[in-house]
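Participant: Please find one structure pasted underneath; my questions will follow.
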Ligand code: NCD
């Protein structure tokens, strides 16, 4: 039986997401009923990038379930700083832990880790690519706070280019009927082409706009995001983009009474502190739901393993290199490159970057 990983929610049927959402909401009602279920099990959190919420909510989830945690939050304190490959780190951690959550600055890193792992690997964020456990948290939040995952007009505002939470969330919400997207960003930070292809393939309606004020009144959900400073090619590029979108009480006064504001956090200055007191602001609750969501995910992956699908579907194209400079295949060159061929395109199976052939 192949191991069940969570690299991209799209690798799983929607029923699996729905089971996790239901379980997370059951846990939220009575967390202590689940205490002790992971006694004797160990979670490794391998964080090659900074994190407050994701790493600590994973640890808190495992500890509340009675399990324990190992890992690192700063690769400079691990053998990574001595030049250890990702593959070797994973092989070693397989002897120390039952499940691994990995965050890495390179796109496709979680999939690369899974290729070397005998235990489940969870993608806790890979570069600007995906962040599926944040998305599960977002889906739990929407279910609880909005009451549905379909028929929503969702505004996503800020860094749509580098924001991995944005990419994962759009991918997931396209799988529910009648969701419409209003994508609010500067022209420099629009969603990548591969995301537009996903929206088009799903037949989802979406509009790209630059003004939050003009569209806020149409929204059921406003998903605010931070400008991802660390992913910009230069500080000057970042300086030109910061402070463009700021949600304040004045803009909130134009929104529907039932609109909910989500944010994966951390926030920088894109939501003023006064908005926190508005009952429509649910981002701190959202962070709390992250613990129940990760408890549900760990229980699902370790208690009810089911046959996972093969990690790679495509074929190797000898001599081909991924055209995405931030793809993990460039920094871990021993990885077997794998591409899916679509008409005139090759799509890298690690980072989903497409190139013309
Ligand atoms: C997000 C991330 O790391 O992508 N944070 C999180 O996990 N909640 C969003 C961000 O860093 O802006």
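Numbering (the working numbering), first residue to last: 180 to 536. All residues carry an ideal CB built from backbone N, CA and C; glycine is no exception. These numbers were taken from a predicted model, which means no experiment stands behind them.
(1) Can you tell which of 202, 192, 504 and 255 has its C-alpha closest to the C-alpha of residue 470?
(2) Taking the alpha-carbon of residue 407 as reference, which of 397, 401 and 422 has the nearest alpha-carbon?
(3) Helix, strand or coil: how does DSSP classify residue 260 here?
(4) Smallest Cα separation from residue 207: which of 243, 195, 404 and 221?
(5) Ignoring anything shorter than 3 residues or poking outside the stretch 323-406, list the beta strand (DSSP E) runs there in chain order.
(6) Just to confirm, does residue 344 get its C-beta within under 6 Å of one of the non-hydrogen atoms of the ligand NCD?
(7) Run the CB neighbour count on residue 525, radius 10 Å, all protein chains shown included, and call it buried at 16 or more, exposed below.
(8) Going by DSSP, what residues sit across from residue 439 in a beta bridge?
(9) Find the nearest neighbour of residue 478 within the set 245, 187, 438 and 404, judged by alpha-carbon distance.
(10) Is the stretch 294-301 touching the stretch 366-376 in the sense that three or more CB pairs, one from each, lie closer than 8 Å?
(11) Using only the heavy atoms of the ligand NCD, determine whether one of them is closer than 6 Å to the beta carbon of residue 233.
(12) Do residue 468 and residue 320 have their beta-carbon atoms positioned less than 7 Å apart in this structure?
(13) So, are the CB atoms of residue 501 and residue 508 less than 7 Å apart?
(14) Starting from residue 520 and walking both ways along the beta strand (DSSP E), at which residues does that stretch end?
(15) Less than 7 Å separating the beta-carbons of residue 280 and residue 266?
(16) Which one of 338, 200, 350 and 318 has the shortest CA to CA distance from residue 400?
(17) So, under 8 Å CB-CB, residue 537 and residue 276 are touching, yes? Tell me the CB distance rounded to an integer number of Å.
(18) Measure the C-alpha to C-alpha separation of residue 162 and residue 439 and round it to an integer number of angstroms.
(19) Within its chain, find whatever has a CB closer than 6 Å to the CB of residue 307; leave out the 5 residues flanking it on each side and keep chain order.
(20) Can you say whether residue 518 is buried or exposed, counting buried as having 16 or more other CB atoms within 10 angstroms of its CB?
(21) If we count the other Cβ atoms within 10 Å of its Cβ and call it buried at 16 or more, is residue 432 buried or exposed?
(22) Consider the C-beta atom of residue 315 and the heavy atoms of the ligand NCD; say whether any pair is separated by less than 6 Å.
(23) Under a three-way DSSP split, which group does residue 528 fall into?
(24) As a quick exercise: from 390, 520 and 347, pick the residue whose alpha carbon is nearest that of residue 286.
(25) So, are the CB atoms of residue 428 and residue 453 less than 7 Å apart?
(26) I want to check one thing, is the minimum distance from the CB of residue 287 to the heavy atoms of the ligand NCD below 6 Å?
(27) Is residue 310 near the ligand NCD, judged by its Cβ being under 6 Å from some heavy atom?
(28) Three-state secondary structure (DSSP) at residue 296?
(29) Give the DSSP-derived three-state secondary structure of residue 244 in the structure shown.
(30) Between the alpha carbons of residue 282 and residue 352, how many angstroms are there, rounded?
(31) Where does residue 455 fall in DSSP's three states?
(32) Taking residue 450 as part of the beta strand (DSSP E), name the residues at either end of that continuous run.
(33) Go ahead and pull the three-state DSSP assignment for residue 540.
(34) Can you tell which of 379, 294 and 405 has its C-alpha closest to the C-alpha of residue 358?
(35) I want to know whether the stretch 208-219 touches the stretch 248-264 - three or more CB-CB distances under 8 Å.
(36) Quick check: does the Cβ of residue 304 come within less than 6 Å of any heavy atom belonging to the ligand NCD?
Facilitator: Short version:
(1) Checked all of 202, 192, 504 and 255; the closest Cα to residue 470 is 202.
(2) Ranking 397, 401 and 422 by Cα distance to residue 407 puts 422 first.
(3) The answer is helix: DSSP assigns residue 260 an H, G or I state.
(4) Put simply, of 243, 195, 404 and 221 the residue whose alpha carbon is nearest the alpha carbon of residue 207 is 243.
(5) DSSP runs (the beta strand (DSSP E)) wholly in the stretch 323-406: 332-336, 359-363, 384-388 and 400-403.
(6) Yes - the ligand NCD has a heavy atom lying nearer than 6 Å to the Cβ of residue 344.
(7) Under this definition residue 525 is a buried residue.
(8) In the DSSP output, where bridge partners are listed per residue, residue 439 has 400.
(9) Across the set 245, 187, 438 and 404, the C-alpha of 245 shows the shortest separation from the C-alpha of residue 478.
(10) In short, these stretches do not touch, since the Cβ pair count stays below three.
(11) Because some heavy atom of the ligand NCD lies under 6 Å away, the Cβ of residue 233 counts as near it: yes.
(12) Closer than 7 Å, so yes.
(13) The answer is yes: Cβ separation under 7 Å.
(14) Counting along the chain, the beta strand (DSSP E) containing residue 520 begins and ends at 518-521.
(15) Taking 7 Å as the Cβ cut-off, residue 280 and residue 266 do not qualify as a contacting pair.
(16) Per the C-alpha coordinates, the member of 338, 200, 350 and 318 positioned closest to residue 400 is 318.
(17) With the chain represented from 180 up to 536, any question about residue 537 goes unanswered, as that position is not in the structure.
(18) Absent from the model: residue 162. The displayed extent of the chain is 180 to 536, so no value can be given.
(19) Excluding sequence positions up to five before and after residue 307, its CB lies within less than 6 Å of the CB of 341, 343 and 410, all in the same chain and listed in chain order.
(20) Buried, because 16 or more other Cβ atoms sit within 10 Å of the Cβ of residue 518.
(21) Exposed is the call here.
(22) Checking every heavy atom of the ligand NCD against the Cβ of residue 315, none is found closer than 6 Å.
(23) If DSSP states are grouped into helix, strand and coil, residue 528 belongs with coil.
(24) The option with the nearest alpha carbon to residue 286 is 347.
(25) Closer than 7 Å, so yes.
(26) Not one heavy atom of the ligand NCD sits closer than 6 Å to the Cβ of residue 287.
(27) Within the cutoff, so yes.
(28) Residue state, collapsed to three classes: coil.
(29) In this structure, residue 244 counts as coil in the three-state DSSP scheme.
(30) So the two alpha carbons sit approximately 23 Å from each other.
(31) Three-state DSSP puts residue 455 in a helix.
(32) Premise fails: residue 450 is in no beta strand (DSSP E) and is neither H nor E.
(33) The question about residue 540 has no answer, for the chain in this structure spans 180 to 536.
(34) Selected option, being the one with the closest Cα: 379.
(35) Segments in contact, no.
(36) True, at least one ligand heavy atom lies under 6 Å from that Cβ.
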